[in-house]
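Heads up: the sequence shown at position 139 corresponds to 1323 in this note's numbering, and the numbers run straight through without jumps. Note sheet for the following structure.
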Amino acid sequence: MIKKLIPIGFTFLFFFGFFLSGCGPRHYTPQQLNNIGAKTVEGYVSLQSLGGFVLTDQAAQEISFRTGEMTQYIPEGYRSQKNDVVKVTFTETPTNSGEVKRTVLQLESLKVPDENRLPSEFIEGVLVSKYRSSFRYVTSFYLRTESDKDPYVIFISNSESKVIVDGKPVETAYFNFDKILNKKVQVNLSYRPILRGNAYIILATNLIVLEQ
């Protein structure tokens, strides 16, 4: 089961990942990649961040990469997580400091380990605290489950989340979510990739409050 999404990058998620949404995803043809001399390497993600990652290749060499607006994700909704096995297509550019900047053009998922997958069935847990809202999401919570040491950070959407309280659906835009803090809930979760950056948020598609 996936561990929590670390909140340290959430300012980036709200003010950059969601706001800059005007451009569509990148697409490259094999001919385009060949013309610019793109290179490829396979390995597993040993360190993950919003703006890049470190790949450990088949020779156990660690290589740093940067993702961004030039990056095409394959499949389109994919974002990498630590320990994912991936194929990276990239360019290399020397910097003034003598180092090499590696820009990811394509990041392709080859294998996602079981611990990085969300549970296929619903889970139960307690909404231990409220995090924040944004112009796209009504609110977000820390959801702690019995099987997880760390809580999930889950988001509530007006259009994609169904919230049931006292056996009835509520209007998420007007509901006071403080009322259900520290309550046990049953919830289905879904990944949503951020639009700018190499990360996911976790959306509650269905949330049923079990305690009155």
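Every residue, glycine too, gets a C-beta built ideally from N, C-alpha and C. Fair warning: this is a prediction, and the values are worked out from it, not measured in the lab.
Taking only runs of the beta strand (DSSP E) that begin and end inside the segment 1351–1377, which ones reach a length of at least 3 residues, in chain order?
1368–1377
Going by alpha carbons, who is nearest to residue 1261 out of 1382, 1273, 1239?
1382
Mind checking who residue 1342 pairs with in its DSSP beta bridge?
Answer is none; residue 1342 lacks a bridge partner.
Rounded to a whole number of angstroms, what is the C-alpha to C-alpha distance between residue 1259 and residue 1295?
12 angstroms
Starting from residue 1239, follow the beta strand (DSSP E) in both directions and report where the run begins and ends.
1236–1241
Per DSSP, what kind of secondary structure is residue 1226 in: helix, strand or coil?
strand
According to DSSP, simplified to helix, strand and coil, what is residue 1217?
helix
Nearest by alpha-carbon distance to residue 1388: which of 1209, 1247, 1375 is it?
1375
Does the beta-carbon distance from residue 1303 to residue 1391 come in below 9 angstroms?
no
Assuming contact is defined by CB atoms lying nearer than 9 angstroms, are residue 1291 and residue 1256 in contact in what I supplied?
yes
Are the CB atoms of residue 1247 and residue 1227 nearer to each other than 9 angstroms?
yes
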